[in-house]
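For reference, the structure discussed in these notes is given below.
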Amino acid sequence: NAGVTQTPKFRVLKTGQSMTLLCAQDMNHEYMYWYRQDPGMGLRLIHYSVGEGTTAKGEVPDGYNVSRLKKQNFLLGLESAAPSQTSVYFCASSYGASNTGELFFGEGSRLTVL
Amino acid sequence: GESVGLHLPTLSVQEGDNSIINCAYSNSASDYFIWYKQESGKGPQFIIDIRSNMDKRQGQRVTVLLNKTVKHLSLQIAATQPGDSAVYFCAEKKRAGSYQLTFGKGTKLSVIP
C-alpha cells in the first residue's frame, strides 16, 4: 500500500495564479483532511471531508476550495494564490467509523507564492 | 488562540536518557489526545493516543500521561535514541463524535550522541 500520496511535492506560483493539489489514499478511508503547516504554528485544518461528495470548512478555509468526487481523492484548490498561502500542505485520511482519531499523513507539498 | 500548547519549544537530551515532552490544553471537554512525531521533510506519524477516561498509557518505549486536573499531557520516551530526533506534536479532539484534531505548535527533540 502506498498510503497517502500528495502531488506535486513542490510548486512555485506567482501571485494571482491558480493551482490544485491532489491527494490520493488507498486505504479506503472515509475521512480526508487538508492541513497547512507554518513555522511556529503547528498544523491548522483547512478543509475536510467525511465521505465522497462531502466537504466542510476547517479552521482556516479562506482562499481555498476542495472537492471529493471520488472516495480515494481529495483535491485542494487555490483560485488566486497569495504570498500568505506560502506553506507546507499536508493531506491526511482516517477511518470514518472508528472512534480513534489517528490520521495517516502524506509527505507534504511545499508551496511558495511569489 | 490555540488551546493546545507546549511548555518547551526545544529539548536536548543525551542518548540513552529518558525524554519528557509536555503539553498543556485548555478545553476540559476534550476527550481524546494523540502524540505525533514529525521527522524533517516528512509528514507526522502517529505515536500513541489516550482517552480522557485514562491517566496513563504505555507503548513501546513511550508512555503518555494525562492529568485532567491541571489539563496537562506528557510524552515520555525511554532510552532516547538518535532516531527519536524529531518534532513532537500533541493534538486534542475537542468533543465526542468529532473527527477534527487541534494540534499544538510542537516541541523539537534533539538527541545528543
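Chains as they are written, first to last, in my numbering: chain D, 1 to 114; chain G, 1001 to 1113.
We put the beta carbon where it would ideally sit given N, CA and C, even for glycine.
Item	Value
Beta carbon proximity, Gly42 (chain D) to chain G, threshold 8 angstroms	yes
Residue-level contact to chain D via CB, Gly1106 (chain G), 8 angstroms cutoff	yes
Gly51 (chain D) to Leu78 (chain D) span [Cα, whole Å]	21 angstroms
N- and C-terminal bounds of the beta strand (DSSP E) containing Met41 (chain D)	Neither: Met41 (chain D) is in no beta strand (DSSP E) and is coded neither H nor E.
For Ser1040 (chain G), three-class secondary structure by DSSP	coil
Rounded distance between the beta-carbons of Gly40 (chain D) and Phe104 (chain D), thought under 8 angstroms	Going by Cβ atoms, the distance from Phe104 (chain D) to Gly40 (chain D) rounds to 25 angstroms, so no, they are not a contact pair.
Proximity winner among G:Thr1107, G:Ser1030, G:Gln1060, relative to Cys1023 (chain G) (alpha-carbon distances)	G:Thr1107
Residues that Glu107 (chain D) contacts on chain C, provided the C-beta gap is smaller than 9 angstroms	Annotation note: the requested chain C is absent from the structure, which comprises protein chains D and G.
CB contact below 8 angstroms: Glu79 (chain D) versus chain G	no
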